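Peer 1: In terms of the UniProt record's numbering, the sequence shown has 274 at position 274, counting the first letter as 1, and numbering is strictly consecutive.
Glycine is no exception: its CB is placed at the ideal position from the N, C-alpha and C atoms.
Since this is a predicted model, take the numbers as computed values, not measurements.
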Amino acid sequence: MNPTDLNLLIALDALLTEGSVTGAAERLNISAPTMSRTLNRIREMVGDPIFVRAGRGLVPTPRAEALREGTRELIQKANILLRNDDGFDFHTLQRTFSIRADDGFITSFGPILLGLLADAAPDVQLRFRPQGLQDVDSLRDGKIDLDIGVIPDIGPEIIRQSLFQDRFVAVFRVGHPLDRIDVLTPQLFAQQRHITVSRRGRMSGPVDDALAALGLSRKVVAVAPTFTEALAIARETDLIATVAERSTQTVRYGMRTSELPVPTPIVSISQAWHPRFGSDPGHRALRALVRQCCQPGI
1 MNPTDLNLLI ALDALLTEGS VTGAAERLNI SAPTMSRTLN RIREMVGDPI FVRAGRGLVP
61 TPRAEALREG TRELIQKANI LLRNDDGFDF HTLQRTFSIR ADDGFITSFG PILLGLLADA
121 APDVQLRFRP QGLQDVDSLR DGKIDLDIGV IPDIGPEIIR QSLFQDRFVA VFRVGHPLDR
181 IDVLTPQLFA QQRHITVSRR GRMSGPVDDA LAALGLSRKV VAVAPTFTEA LAIARETDLI
241 ATVAERSTQT VRYGMRTSEL PVPTPIVSIS QAWHPRFGSD PGHRALRALV RQCCQPGI
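#1: Ser-108: beta carbon under 8 Å from a heavy atom of the ligand GTP?
#2: Can the beta-carbon of Arg-193 be found closer than 9 Å to that of Val-221?
#3: Measuring CA to CA, which of Thr-264, Asp-119 and Asp-238 is closest to Pro-177?
#4: Rounded to whole angstroms, what is the Cα-Cα separation between Asn-7 and Leu-289?
#5: Could you tell me which of Ala-25, Thr-228, Ile-75 and Asn-29 sits nearest to Ser-162, measuring between CA atoms?
#6: How long is the line joining the alpha carbons of Leu-113 and Asp-145, rounded to whole angstroms?
#7: With H, G and I counted as helix, E and B as strand and the rest as coil, what does DSSP make of Arg-276?
#8: Taking the alpha-carbon of Leu-211 as reference, which of Ile-195, Gln-187 and Asp-182 has the nearest alpha-carbon?
#9: Mapping the DSSP letters down to three states, classify Ile-75 as helix, strand or coil.
#10: Between Ser-138 and Arg-246, how many whole angstroms is the CB-CB distance? I'm expecting something under 8 Å.
#11: Would you tell me roughly how many angstroms separate the C-alpha atoms of Met-203 and Ser-36, rounded to the nearest one?
#12: Taking Asp-147 as part of the beta strand (DSSP E), name the residues at either end of that continuous run.
#13: Nearest-angstrom Cα distance between Arg-273 and Asp-153?
#14: Of all the alpha helix (DSSP H) runs that stay within the bounds of the segment 193-263, which reach a length of 4 or more residues?
#15: Taking the C-alpha atoms as reference points, what is the distance between Asp-208 and Leu-231?
#16: Kindly indicate which three-state DSSP category Ala-121 falls into: helix, strand or coil?
#17: At a cut of 8 Å, does the segment 64-77 reach the segment 87-99 through at least three beta carbon pairs?
#18: If you run the structure through DSSP and keep just helix, strand and coil, what is Met-1?
Here it is in structure tokens:
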């Protein structure tokens with residue numbers, strides 16, 4: 001059995017347990033479209049529909065029912081094998097993990113994570129990698145242990161776990177003309193000069209779309225590749241920087257922050273990893289610490 005077949009068995013077990021594509025997707029922390037594609041692969045492999053439509057739901061075929069017990073037994077045996085971590089002690093672990101994240105996450109949450117690691121596993125090292133295009137290969141081959149950020153659906157192999165929701169805010173220097181304004185209106189916001197953030201160098205985005213819906217436009221005079229660089233420029237100029245709130249909580253220190261006067265999408269920050277490391281005890285412990293450091297109030 002190759003790793004792909006094992007992943008399909010895990011997906012089949014989730015489908016048989018939950019009885020729906022949506023429920024199985026939530027169980028495995030993947031998207032519903034990804035689970036739907038996986039179900040199609042299972043159907044091709046087994047040569048059976050597995051589930052058929054009945055009203056608004058799905059019911060298993062006789063073939064699926066026959067596979068239920070054997071699939072569950074195989075998954076249980078695999079879990080026992082993969083979780084055989086008797087004697088594992090995170091505190092004595094000597095290992096280096098690579099985490100790919102943007103500068104905002106590293107500067108805001110990196111110190112917290114390293115503080116937790118100093119107590120929990122003092123001999124563990126972290127290698128932070130700059131964020132670029134998410135890809136399956138770097139997670140599969142172990143070059144990247146965790147990918148943290150706005151993670152797209154990059155394939156059925158990758159497991160995603162939500163860490164927190166973030167929103168965009170307007171940030172400007174102390175003493176900026178807006179410092180004396182009680183309410184930032186869309187019109188006043190649009191009248192300012194702006195710096196935006198885009199790794200691809202794009203000058204416009206969701207903020208501009210929201211302004212356009214009101215018949216307004218803003219003047220973007222610069223684009224920076226990272227939040228940290230945009231904020232460094234805004235700190236020394238009269239430019240307004242639009243950045244993610246929680247992901248820049250430390251680098252915004254000493255600056256003014258205002259809610260945006262136009263609606264923008266909420267973004268979900270997740271951590272992603274390859275299933276081959278899913279039951280690795282050290283990897284599991286690291287993921288738990290990442291979740292802990294992202295909790296409010298930490």
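Peer 2: Concretely, from the data shown:
#1: The ligand GTP is not among the ligands present in this structure, which contains no ligands whatsoever.
#2: Position 193 of the sequence shown, counting from 1, holds the residue named residue 193. Position 221 of the sequence shown, counting from 1, holds the residue named residue 221. Their beta carbons are under 9 Å apart, which means Arg-193 touches Val-221 by this criterion.
#3: To locate residue 177, count along the sequence shown from 1; it is residue 177. Residue nearest to Pro-177 within the set Thr-264, Asp-119 and Asp-238 is Asp-238 (criterion: CA-CA distance).
#4: By one-based count along the sequence shown, residue 7 stands at place 7. By one-based count along the sequence shown, residue 289 stands at place 289. In this structure, the CA atom of Asn-7 is about 26 Å from the CA atom of Leu-289.
#5: On the sequence shown, position 162 is the one that residue 162 refers to. Ser-162 has its Cα closest to that of Asn-29, out of Ala-25, Thr-228, Ile-75 and Asn-29.
#6: The residue given as residue 113 occupies position 113 in the sequence shown. The residue given as residue 145 occupies position 145 in the sequence shown. Each residue's Cα considered, the two are about 15 Å apart.
#7: Translated into positions along the sequence shown, residue 276 becomes position 276. Arg-276 falls in the helix class under three-state DSSP.
#8: Looking up residue 211 in the sequence shown gives position 211. For Leu-211, the closest alpha carbon among the candidates Ile-195, Gln-187 and Asp-182 is that of Gln-187.
#9: Here residue 75 is taken as the residue at index 75 of the sequence shown, counted from 1. Three-state DSSP puts Ile-75 in a helix.
#10: To locate residue 138, count along the sequence shown from 1; it is residue 138. To locate residue 246, count along the sequence shown from 1; it is residue 246. With a Cβ gap of about 25 Å, Ser-138 and Arg-246 do not count as contacting.
#11: Residue mapping note: residue 203 aligns to position 203 of the sequence shown, counting from 1. Residue mapping note: residue 36 aligns to position 36 of the sequence shown, counting from 1. Inter-residue distance for Met-203 and Ser-36 is about 36 Å (C-alpha atoms, whole angstroms).
#12: Looking up residue 147 in the sequence shown gives position 147. 146-149 is the span of the beta strand (DSSP E), which, as asked, contains Asp-147.
#13: As a first step, residue 273 is located in the sequence shown; it is residue number 273 there, counting from the start. As a first step, residue 153 is located in the sequence shown; it is residue number 153 there, counting from the start. Sequence check: residue 273 is Trp here, not Arg. Distance between the alpha carbons of Trp-273 and Asp-153 is about 12 Å.
#14: Whole alpha helix (DSSP H) segments, 4+ residues: 206-213 and 227-235.
#15: Taking the sequence shown and counting its residues from 1, one reaches residue 208 at position 208. Taking the sequence shown and counting its residues from 1, one reaches residue 231 at position 231. One Cα belongs to Asp-208, the other to Leu-231, and the distance between them is close to 19 Å.
#16: The residue you call residue 121 lines up with position 121 of the sequence shown. Coil.
#17: The segment 87-99 and the segment 64-77 do not touch, with fewer than three beta-carbon pairs separated by less than 8 Å.
#18: Looking up residue 1 in the sequence shown gives position 1. Here Met-1 scores only 47 on pLDDT, less than 50, and its place in the model is too uncertain to base an answer on.
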